[in-house]
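Heads up: take any position in the sequence shown, counting from 1, add 109, and you land on our numbering.
Working notes for the structure below.
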Amino acid sequence: MAEEGSKKKKRMLLQKESEKAENRGVCYLSRVPPHMNPLKLRQILSPYGEIQRIYLTPEDPSAQLKRKKAGGFRGQEFSEGWVEFSDKRIAKRVANMLNGEQFGGKKRSSFYYDIWNIKYLSKFKWDNLTEEIAYKNAEREQKLALELSAAKRERDLYMSKVDQSRALSSIDERLKKRQKVKNVENQSEEELQPRKMIRQFPQTKPLANDGDEKPSGFSKSVLAGIFFGGQGS
């Protein structure tokens, strides 16, 4: 009997929670002012009605990095958000009342002059949001995996071209070394071959064959005595 009573209480609690969840309403913020966070948003909206949950989507990391490099706000910013009220009638009333109005509050706050961009989502429950978030996360992970795969292919292609360039450079260097060694060997062979010796001898100048010229120091009488035995007249 005790176990049956306990199960009955659990069913009643689950039914009440289901009814409460069914009665809740969700508002959507298409823009979140700079420096706004879930805690500050809860503080601003709590006076209008009981709030269950708040979810703000973090901005894209690339936008945050770009802002930091430009010297802007270094903290976390958000792009859009959802607020769940305990009563959907209150959620609808808050959206109709605040949409297009100035944030206001304290003038020293960074979002004092910002405008509310808030809308009540009819028949939208928090479970729909979690499903959407899960879907977006899966889509983001798939996109990231594709980008990583493309980056890996580009890296592999680049590395293959680098290796190919190195191989071609190595082949070119080896060919140059071989040509250099060949030139040195050819030069050595030429140096080892005996050179032809060309000797030069001094030449005497031949006598002139001119008939008018006669050897000096000789006379006709001397020659006649040699060839004719000294016979004279």
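For every residue, glycine included, the Cβ atom is placed at its ideal position computed from N, Cα and C.
Counted within 10 angstroms of its Cβ, other Cβ atoms place Tyr221 as buried (16 or more) or exposed: The Cβ neighbour count for Tyr221, taken over all protein chains shown within 10 Å, is under 16; the residue is labelled exposed.
Touching by the beta-carbon criterion (3+ pairs, under 8 Å), the segment 191–201 and the segment 226–241: Contact annotation: the segment 191–201 touches the segment 226–241, with at least three C-beta pairs closer than 8 Å.
Terminal residues of the alpha helix (DSSP H) in which Val203 lies: Here the alpha helix (DSSP H) through Val203 covers 197–207.
Three-way DSSP call (helix, strand, coil) for Ser219 in this model: In the three-state DSSP reduction, Ser219 falls in the coil class, being neither helix nor strand.
Rounded separation between Ile153 and Glu168 - CA only: Cα-Cα distance, rounded: 21 Å.
Cutoff 6 Å; reference Leu148; Cβ partners in own chain excluding five residues on either side: Same-chain partners within the cutoff: there are none.
Pro311 burial status per 10 Å Cβ neighbour count (16 or more: buried): So Pro311 counts as exposed.
Limits of the unbroken alpha helix (DSSP H) element including Met173: Residue identity check: residue 173 is Gln in the sequence provided, not Met. 170–178 is the span of the alpha helix (DSSP H), which, as asked, contains Gln173.
Ser274 - DSSP class collapsed to helix/strand/coil: The answer is helix: DSSP assigns Ser274 an H, G or I state.
Euclidean distance between Cα positions of Tyr137 and Leu257: For Tyr137 and Leu257, the distance between alpha carbons rounds to 33 Å.
Helix, strand or coil at Pro311 according to DSSP, with G and I counted as helix: Note: Pro311 maps to coil in three-state DSSP.
Where Ser231 sits in the DSSP three-state scheme: Look at Ser231 here: in three-state DSSP terms it is coil, with no helix or strand label.
DSSP state of Ser188 mapped onto helix, strand, coil: Here Ser188 carries a strand assignment [DSSP, helix/strand/coil].
Alpha-carbon to alpha-carbon, Asn292 and Ala260: If you draw a straight line from the Cα of Ala260 to the Cα of Asn292, it comes to about 48 Å.
CA-to-CA distance, Arg176 to Gly213, given in whole angstroms: Between the alpha carbons of Gly213 and Arg176 lies a gap of roughly 26 Å.
Bounding residues of the alpha helix (DSSP H) (the contiguous stretch that carries Ile153): Ile153 -> alpha helix (DSSP H) spans 147–154.
One or two residues paired with Phe194 in a DSSP bridge: According to DSSP, Phe194 bridges with Gly134, Ile160.
Rounded straight-line distance, which links the Cα of Ser274 to that of Gln288: Rounded to the nearest angstrom, the two C-alpha atoms are 21 Å apart.
Pro142 burial status per 10 Å Cβ neighbour count (16 or more: buried): With 16 or more other Cβ atoms from the protein chains shown falling within 10 Å of its own Cβ, Pro142 counts as buried.
Beta bridge counterpart(s) of Thr166 as assigned by DSSP: Paired residues: Glu189.
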